[in-house]
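Have a look at the structure below, then the notes.
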């Protein structure tokens with residue numbers, strides 16, 4: 022009986038994650054298209070299928086929204102890599118985990134999180150996904 026409950030709970034969690042992810046992507050599209058009036062050029066450089074790393078040169082939530090909007094034009098889902106110190110904040114962690122964001126830490130911060138991040142990035146790329154990495158400049 023316990024396994025049936027766990028299976029049911031897992032299905033609902035996956036549905037919630039999907040709906041939250043869909044809501045965030047629709048919000049990103051609305052914000053970048055109508056509020057910020059972003060004009061996209063060079064969309065042909067984003068592959069229609071197959072793995073790719075998208076590297077942003079600085080960190081900003083607006084950049085994430087714009088890049089999410091751009092990839093959703095091709096109906097691709099992009100998985101972000103987020104600094105563990107930001108990811109571990111309660112509200113951000115709930116949203117980030119629902120959208121498949123990968124937390125990453127330095128070796129000094131948390132070696133286990135760092136190793137897990139590299140495993141997840143390799144796995145996502147092996148599946149043919151897009152992975153967004155913001156360079157950490159300090």
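In the working numbering, the protein residues as written are 22 to 159.
Where is the CB? At the ideal position from N, CA and C, for every residue including glycine.
*Who are the near neighbours of residue 75 in its chain, counting only those whose CB is closer than 8 Å to its CB and skipping five residues on each side?*
67, 88, 92, 99, 151, 152, 153, 154
_As a quick exercise: from 113, 106, 42, 69, pick the residue whose alpha carbon is nearest that of residue 134._
106
*Put residue 108 into one of helix, strand or coil per three-state DSSP.*
helix
*Beta-carbon separation of residue 122 and residue 108 under 9 Å?*
yes
*If you draw a straight line from the alpha carbon of residue 128 to that of residue 103, how long is it in whole angstroms?*
15 Å
*asked:* By alpha-carbon positions, which one of 137, 55, 136, 118 ends up nearest to residue 41?
replied: 118
*Burial state of residue 101, where buried means 16 or more other Cβ atoms lie within 10 Å*: buried
*When we look at the beta-carbon of residue 28 and count the other beta-carbons within 10 Å, is it buried (16 or more) or exposed?*
exposed
*Please report the residue range of the alpha helix (DSSP H) in which residue 64 lies.*
Per DSSP, residue 64 belongs to no alpha helix (DSSP H) and is neither H nor E.
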